[in-house]
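Participant:
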Amino acid sequence: MAVQEAGQGTGAEGIHGGGCTCGDCPHGAREGHRRAVAAFLRLRDGYAAGQGLPVGVAHSASASRRWVSEELTQRAEAVAERGRAEGEARLARLWLRTVCTVWGAVLALLLGEALTAVGTGWTGPRTAALAAALVVATTLSAASWLHRARGGALAPVIGEDNRMSTSRTVAAGWVLFVGYAVLLLAARLAAASDHAERDALISGLDLARGAGVVTVLAVVCGIAVLVRRVVGLRILTQRLQKVPAHRPRAADLLTDDSGRGAFADIQYVAVSAVAVLFAAVRLARRTDQLPDLPWGLGLVVLVSAATYLAGKYAEGGRPVVLSVVRAREPGDLDGPIRTGDDVEIRGAGFVPPGAQTAERLSRMVVRIGAVDVHVPLVPVTGGFRNPTDNLLTVPVPADVEPGAVEVQVVTAAGVATNRCIVQVTE
């Protein structure tokens, strides 16, 4: 069902011309998500300024906080649903962009060969290079069509968390390059008529010539498999918190889950890109053999890969509760924790990377004894004052029995912290 808003027209333009907020087309999903986000931000900032509160709850700070939190949670879920619809729509269109990019690269190769052939003439290696590119482009186009619902040819490099995987992308880049180099040699071998030329082409595949490239290929592919295993085990043992993204982005290759630039990822992509470019130049100079990647450059790639792997082992960490104290408003008397009081839970790692959205923050739960308390959203202009990564404020419900009570936080990623014991009095 299409929902039309301001700016409606007639015909196709009226349905999908910028006012559509339905989820059955890419443009409508994108526009619907953009408007939902803008409306949520206005609502959040309005509540932060004390606007829009019903008269029935405005007199009570706790009642107004609960009402605002519930309203923001419901709106945040609607925004998240729009975001998921937009992500699916963008992913469905990604295969076509991938195909256009691949064939654009083939066209650029053809133009480059045509320009460099001026004065020297068209040669057999140029034909072989173009034939190998056509085979690779056709294969990628077929893969894009078969996996069009999951991002086309990019489906293998999209991780389980719906983000672009740095390790898989680097490995895929090397696999494509080596595959293209072998196809180039195969095309030249098929066109060779002289026995000596065929022997020279076959010797171009000797390990002594391509040892550097083969070693780097083996290492980056091994890193891609190992990183997946490492991340999976760390999630299962609750040493790493992961929340899925709405859609994969190219920026995922250079950032962590929260969108901040990650040194390990950046250096791995940069070094690998430089090495692939160097190997491509060597292949263009000597199309009769695998590119002889110098061992010095190969060692640089291996060090970069080791740094990336070490970064994967070092990232993350289990959330921890350090202390629980009674929250004190200005003018209140000091005293013990009683039912109905607010408590501050101090610690670290309460907000997993990538879980800064209101929909994810609203999933945080504090287990006080046998009662699960959802952490209320307390808005401020531009964000939320509660919850934060190192501080949560929740009320102690009346159902909590007096005495020694265990307090535990369950994050949006489903990871539970350690238990902290507090004394609750009547």
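The opening residue of the sequence shown carries number 9 in the numbering used here; numbering runs sequentially from there.
The C-beta atom is built at its ideal place from N, Cα and C for all residues, glycine as well.
#1: Whole alpha helix (DSSP H) runs in the stretch 303-371 with 4 or more residues, listed along the chain?
#2: Please report the distance separating the alpha-carbon of Val308 from that of Gln275.
#3: My guess is that Asn426 and Val328 are in contact by the Cβ rule of under 8 Å, so how many angstroms apart are they, rounded?
#4: Do Val453 and Ile353 have their CB atoms nearer than 8 Å?
#5: Can the beta-carbon of Pro384 be found less than 8 Å from the beta-carbon of Ser149?
#6: So what does DSSP say about His382, is it helix, strand or coil?
#7: Are Pro256 and Met172 touching if we call contact CB-CB under 8 Å?
#8: Please state whether DSSP places Ala253 in a helix, a strand or coil.
#9: Please list, in chain order, all residues of the same chain as Arg371 whose beta carbon is under 7 Å from its beta carbon, the five residues on each side excluded.
#10: For Thr106, does the three-state DSSP call read helix, strand or coil?
#11: Under a Cβ-count criterion, where at least 16 other Cβ atoms within 10 Å of its own Cβ denotes burial, should Ala84 be classed as buried or exposed?
#12: Might you give, ordered along the chain, the residues of its own chain that have their beta carbon closer than 7 Å to the beta carbon of Val221, omitting 5 neighbours on each side?
#13: Rank Arg368, Val87, Gln82, Ala56 by C-alpha distance to the C-alpha of Ser72 and give the top, closest one.
#14: What's the C-alpha gap between Ala66 and Gly58?
#15: So, at 7 Å on beta carbons, what are the nonlocal neighbours of Leu305 in its own chain, with the 5 sequence-adjacent residues on each side left out?
#16: Of all the options Gly362, Ala86, Val183, Thr223, which has the alpha carbon lying nearest to the alpha carbon of Arg268?
#17: Classify Phe48: buried if its beta carbon has 16 or more other beta carbons within 10 angstroms, exposed otherwise.
#18: Please report the distance separating the alpha-carbon of Phe392 from that of Glu409.
#19: I'd like to know if the stretch 227-245 and the stretch 309-328 are in contact, where contact means that at least 3 CB-CB pairs between them fall below 8 Å.
#20: Along the beta strand (DSSP E) that carries Pro403, what are the first and last residues, could you check?
#21: Anyone know if the C-beta pair for Leu162 and Leu102 falls short of 8 Å?
#22: In chain order, what residues of the same chain have a beta carbon less than 6 Å from the beta carbon of Val144, not counting five sequence neighbours either side?
#23: Tell me the DSSP bridge mates of Ala412?
#24: Excluding sequence positions up to five away, which residues of its chain have a Cβ less than 8 Å from the Cβ of Val388?
#25: Between the alpha carbons of Pro133 and Val178, how many angstroms are there, rounded?
#26: If we ignore side chains and look at the alpha-carbon of each, how far apart do Val351 and Ala366 end up?
#27: Given that a residue counts as buried once 16 or more other Cβ atoms are within 10 Å of its Cβ, and exposed if not, what is Glu434?
#28: Taking its Cβ as the centre, do 16 or more other Cβ atoms sit within 10 Å of Leu115, making it buried, or is it exposed?
#29: Output yes or no for whether 8 Å exceeds the beta carbon distance between His254 and Gly36.
#30: What are the start and end residues of the beta strand (DSSP E) that includes Val374?
#31: Closer than 8 Å by C-beta to Leu197: which residues in its own chain qualify, once you throw out the five before and the five after it? Chain order, please.
#32: Could you tell me whether the Cβ atoms of Arg247 and Gly325 are closer together than 8 Å?
#33: Please confirm whether Ile376 and Val404 have their CB atoms less than 8 Å apart.
#34: Could you pull the start and end residues of the beta strand (DSSP E) that Gly391 belongs to?
#35: Would you decide whether Asp342 is buried or exposed? Buried here means 16 or more other CB atoms lie within 10 Å of its CB.
#36: Going by DSSP, name the residue or residues bridged to Ala424.
Facilitator: Put simply:
#1: Counting whole runs of 4 or more residues, the stretch 303-371 contains the alpha helix (DSSP H) stretches 303-322, 366-369.
#2: Those two C-alpha atoms are separated by around 11 Å.
#3: Sure, about 6 Å apart at Cβ, within 8 Å.
#4: A question about residue 453 goes unanswered here, because the residues of the chain that appear run from 9 up to 434.
#5: Judged by their CB atoms, Pro384 and Ser149 are not nearer to each other than the 8 Å cut-off.
#6: Of the three classes helix, strand and coil, the one that applies to His382 here is strand, per DSSP.
#7: Closer than 8 Å, so yes.
#8: Annotated three-state conformation of Ala253 is coil, per DSSP.
#9: Shown here for Arg371: same chain residues with a beta carbon closer than 7 Å to its own, the five before and five after excluded, namely Ala420 in chain order.
#10: For Thr106, the secondary structure class from DSSP, reduced to helix, strand or coil, is helix.
#11: Result: buried.
#12: If we look at Val221 and ignore the five residues flanking it on each side, its Cβ neighbours are Val186, Ala287, Leu298, Pro299, Leu301.
#13: Among Arg368, Val87, Gln82, Ala56, the Cα nearest to that of Ser72 is on Ala56.
#14: About 9 Å.
#15: Around Leu305: Ala283, Phe286.
#16: Minimum Cα distance to Arg268 is reached at Gly362.
#17: It counts as buried.
#18: Cα to Cα, the separation comes out at about 30 Å.
#19: Touching, yes.
#20: For Pro403, the uninterrupted beta strand (DSSP E) segment begins and ends at 399-403.
#21: Result yes, Cβ atoms of Leu162 and Leu102 sit closer than 8 Å.
#22: Only Tyr188 meet the Cβ criterion.
#23: Beta-bridge partners of Ala412 (DSSP): Gln431.
#24: In its chain, beyond the 5 residues on either side, Ala56 have a beta carbon closer than 8 Å to the beta carbon of Val388.
#25: Roughly 27 Å between the two C-alpha positions.
#26: So the alpha carbons of these two residues sit roughly 21 Å apart.
#27: Counting the other CB atoms within 10 Å of its CB gives Glu434 a total below 16, which places it among the exposed residues.
#28: Classification for Leu115: exposed.
#29: Cβ distance not < 8 Å, so His254 and Gly36 don't count as in contact.
#30: For Val374, the enclosing beta strand (DSSP E) covers residues 373-376.
#31: Correct list, in chain order: Arg206, Leu209, Ile210.
#32: Taking 8 Å as the cut-off, the Cβ atoms of Arg247 and Gly325 count as close.
#33: For Ile376 and Val404, yes; Cβs fall inside 8 Å.
#34: Start and end: 391-394.
#35: Exposed, by the Cβ-count rule.
#36: Within the DSSP secondary-structure output, Ala424 pairs in a beta bridge with Val418.
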